[in-house]
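J.: In the working numbering, the protein residues as written are 1 to 91.
#1: Under a three-way DSSP split, which group does residue 89 fall into?
#2: Please return the same chain residues whose Cβ sits closer than 6 Å to the Cβ of residue 67, not counting the five positions on each side in sequence.
#3: Rounded to a whole number of angstroms, what is the C-alpha to C-alpha distance between residue 48 and residue 17?
#4: Measuring straight from C-alpha to C-alpha, what distance separates residue 10 and residue 65?
#5: Return the residue from the list 56, 57, 24, 58 that minimises the CA-CA distance to residue 45.
#6: Return the bridge partner residues of residue 64 from the DSSP annotation.
#7: Secondary structure at residue 69, three-state DSSP: helix, strand or coil?
This is the structure:
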């Protein structure tokens with residue numbers, strides 16, 4: 001359940017930058033004939049494709065997720081584990 005407007009940054013445990021998402025999903029304020037997007041339709045999450053900022057899949061491991069919201073402050077999730085299956089075809 002992410003805030004509608006926030007910045008989500010993903011790091012490795014040793015602090016290396018992996019990826020950043022700038023989220024702005026606030027519902028639009030209706031103006032004239034434009035009804036905007038009702039707040040109830042705002043999606044409460046971000047779907048990470050498990051790739052870094054250059055589009056390369058990340059390795060198995062533990063990652064830190066830092067969320068910063070303008071009005072609410074910031075918080076770091078302690079970890080996010082990824083376990084990829086071994087693919088012998090890649091050898």
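Backbone N, C-alpha and C define an ideal beta-carbon position, used for all residues, glycine too.
Just so we're clear, the structure is a prediction, and the values are computed from it rather than from any experiment.
T.: Quick answer:
#1: Residue 89 falls in the helix class under three-state DSSP.
#2: 6, 8, 75
#3: 14 Å
#4: 5 Å
#5: 24
#6: 11
#7: strand
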